[in-house]
Amino acid sequence: MTIRLAVSEEIREALRRRAAVVALESTIIAHGMPYPQNVETARSLEAIIREGGAVPATIAILGGDVKVGLSADELDRLGREGMRIAKVSVRDLPYVVAMKRDGATTVASTMRIAALAGIHVFATGGIGGVHRGAEKTFDISADLTEFARSGVAVVTAGAKAILDLGLTLETLETLGVPVIGLGTDDFPAFYSRASGHAVPMSCATPKEVARVMHAKWEMGLDGGIVVANPIPTEAEIPAEEIAPVIAAAVSKADAQGIAGKALTPFLLAEIAGVTAGRSLAANIALVKHNARMAAALAVAYAEISS
Ligand code: PSU
Ligand code: MN
Numbered sequence: 129m130t131i132r133l134a135v136s137e138e139i140r141e142a143l144r145r146r147a148a149v150v151a152l153e154s155t156i157i158a159h160g161m162p163y164p165q166n167v168e169t170a171r172s173l174e175a176i177i178r179e180g181g182a183v184p185a186t187i188a189i190l191g192g193d194v195k196v197g198l199s200a201d202e203l204d205r206l207g208r209e210g211m212r213i214a215k216v217s218v219r220d221l222p223y224v225v226a227m228k229r230d231g232a233t234t235v236a237s238t239m240r241i242a243a244l245a246g247i248h249v250f251a252t253g254g255i256g257g258v259h260r261g262a263e264k265t266f267d268i269s270a271d272l273t274e275f276a277r278s279g280v281a282v283v284t285a286g287a288k289a290i291l292d293l294g295l296t297l298e299t300l301e302t303l304g305v306p307v308i309g310l311g312t313d314d315f316p317a318f319y320s321r322a323s324g325h326a327v328p329m330s331c332a333t334p335k336e337v338a339r340v341m342h343a344k345w346e347m348g349l350d351g352g353i354v355v356a357n358p359i360p361t362e363a364e365i366p367a368e369e370i371a372p373v374i375a376a377a378v379s380k381a382d383a384q385g386i387a388g389k390a391l392t393p394f395l396l397a398e399i400a401g402v403t404a405g406r407s408l409a410a411n412i413a414l415v416k417h418n419a420r421m422a423a424a425l426a427v428a429y430a431e432i433s434s
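Here the sequence shown stands for residues 129 to 434, where the numbers follow our numbering.
Have a look at this one:
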């Protein structure tokens, strides 16, 4: 027995044909960006994926239903409700379903639901990871453990420098998760194209990444793949510029005792406030870029696996 999924007709039909489908998460809409830019962005992501020849599958929990594919009204409701909607990671799934609540899914829970639905490619902004100071707080995102389990390739602009990127990469290695730099040898740091941490492997094209996906799962190696796709140069905020802003946000969270699932949204909102919207523009540009790459990857993977 697995979770009953409410998959839209269009997506069900695409999966039946083994066509290209790209999953999208909803925490980035409800908690990652302000209204109305969040809804506008969510809509453009779906349009970009369609232009790329794939079917978008935005995932969220609505009234306890695990939705794969949202209507325009449902997407709007998520965006308007924003922070009032629960942030739902894997541990929270049974609670929101049983209580018939709404929930915005994180990378971890979106990966799990995508895998259950038979979707192998997912576009996000940045994945969660090992937080700075995790040796004391134990704050390591469930996104990482999910990569060890769910067979989904996640296109991400690396991970934000609010995290300890070195420890994040070490943890992914321990969990047996491939981290592929797409056109880069350096693990991207979300707002910046490089972090100074090398990726263990790189591919030049989405086609090559699709071959790695196919090889991994054919070999019976379960679990996901991190596809690290750097932010476009013109939208980048250089590391030396964003570093002090991030450091200040981390200290402020520490001083105010912000921890657990509230930490990531707190840091994101702090950074957006201090950079006067520049971080938001960068965020929107990189997610769109990830959606474009994810569509190409889903098309290439559909070709290889059929
Ligand atoms: N990183 C971002 N923006 C986000 C998130 C992460 O740059 O919106 C969201 C994603 O949904 C991710 C979640 O899965 O935060 C991780 O939260 P936590 O660290 O509490 O696991
Ligand atoms: Mn956490």
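Glycine is no exception: its CB is placed at the ideal position from the N, C-alpha and C atoms.
Beta-ladder partner(s) of residue i, from DSSP
i, result
"Ala-185", "Ala-151"
"Asp-314", "Ala-326"
"Gly-261", "In DSSP, Gly-261 forms no bridge with anything."
"Thr-284", "Ala-356"
"Gly-309", "Ser-330, Ala-356"
"His-402", "Reading off the sequence shown, one finds Val at residue 402, where the question assumed His. Partner(s): none; Val-402 has no beta bridge."
"Ala-134", "Lys-195"
"Asp-413", "Correcting the residue type first, residue 413 is Ala in the shown sequence and not Asp. None; Ala-413 has no bridge partner."
"Val-249", "Val-150, Ala-281"
"Ser-320", "Ala-317"
"Ile-268", "Val-258"
"Leu-291", "His-259"
Residue i and residue j closer than 8 Å at C-beta
i, j, result
"Val-355", "Ile-412", "no"
"Tyr-319", "Glu-274", "no"
"Asn-357", "Ala-410", "no"
"Arg-280", "Ile-255", "Correcting the residue identity first, residue 280 is Val in this sequence and not Arg. Taking 8 Å as the Cβ cut-off, Val-280 and Ile-255 do not qualify as a contacting pair."
"Asp-313", "His-325", "no"
"Val-224", "Ile-189", "yes"
"Asp-230", "Arg-260", "no"
"Met-88", "Ala-158", "Residue 88 is absent from the structure shown; the chain starts at 129 and stops at 434."
"Lys-344", "Ala-317", "no"
"Leu-395", "Ala-371", "no"
"Gly-253", "Thr-296", "no"
"Ile-213", "Ala-423", "no"
"Ser-278", "Arg-339", "no"
"Met-161", "Val-283", "no"
"Ala-242", "Ala-142", "no"
"Val-249", "Leu-425", "yes"
"Thr-403", "Val-427", "no"
"Leu-310", "Cys-331", "yes"
"Ala-419", "Leu-203", "no"
"Ser-433", "His-342", "yes"
"Tyr-163", "Gly-207", "yes"
"Thr-267", "Ala-387", "The amino acid at residue 267 is misidentified as Thr; the sequence shows Asp. Yes."
"Ile-187", "Thr-238", "yes"
Of the residues the options, the one placed nearest residue i, counting alpha carbons only
i, options, result
"Tyr-429", "Ser-330, Ile-247, Leu-152", "Ile-247"
"Val-218", "Thr-155, Ser-434, Ala-185, Ser-379", "Thr-155"
"Ser-269", "Lys-389, Ala-424, Lys-416", "Lys-389"
"Gly-180", "Ala-251, Leu-244, Thr-238", "Ala-251"
"Glu-153", "Arg-140, Asp-271, Glu-141, Gly-257", "Asp-271"
"Ala-381", "Thr-296, His-417, Thr-265, Ala-426", "Thr-265"
"Lys-416", "Pro-360, Glu-336, Val-327, Asp-267", "Pro-360"
"Glu-369", "Gly-192, Thr-233, Ser-323, Lys-335", "Ser-323"
"Arg-145", "Val-183, Ser-237, Ala-375, Ile-290", "Val-183"
"Pro-334", "Gly-294, Ile-290, Glu-431, Val-327", "Glu-431"
"Arg-321", "Glu-346, Glu-336, Pro-366", "Pro-366"
"Arg-132", "Ala-276, Pro-222, Ile-290", "Pro-222"
"Ala-262", "Gly-294, Leu-244, Ala-245, Ala-200", "Gly-294"
"Pro-328", "Met-347, Glu-346, Glu-336, Glu-298", "Glu-298"
"Pro-393", "Ala-232, Ala-147, Asp-201, Arg-178", "Ala-232"
"Leu-414", "Glu-209, Glu-362, Ala-276", "Glu-362"
Open item on the list: For the pair the segment 136-146 and the segment 182-197, tell me if three or more CB-CB distances fall below 8 Å.
Closed with: yes
- [ ] Would you list, in sequence order, the uninterrupted alpha helix (DSSP H) runs of no fewer than 4 residues that lie entirely inside the segment 156-243?
- [x] 165-179, 200-209, 221-226
- [ ] Inspect the CB distances between the segment 298-317 and the segment 339-352 and report whether three or more fall short of 8 Å.
- [x] yes
Open item on the list: Would the segment 167-176 count as touching the segment 216-233 if we require 3 or more Cβ pairs under 8 Å?
Closed with: no
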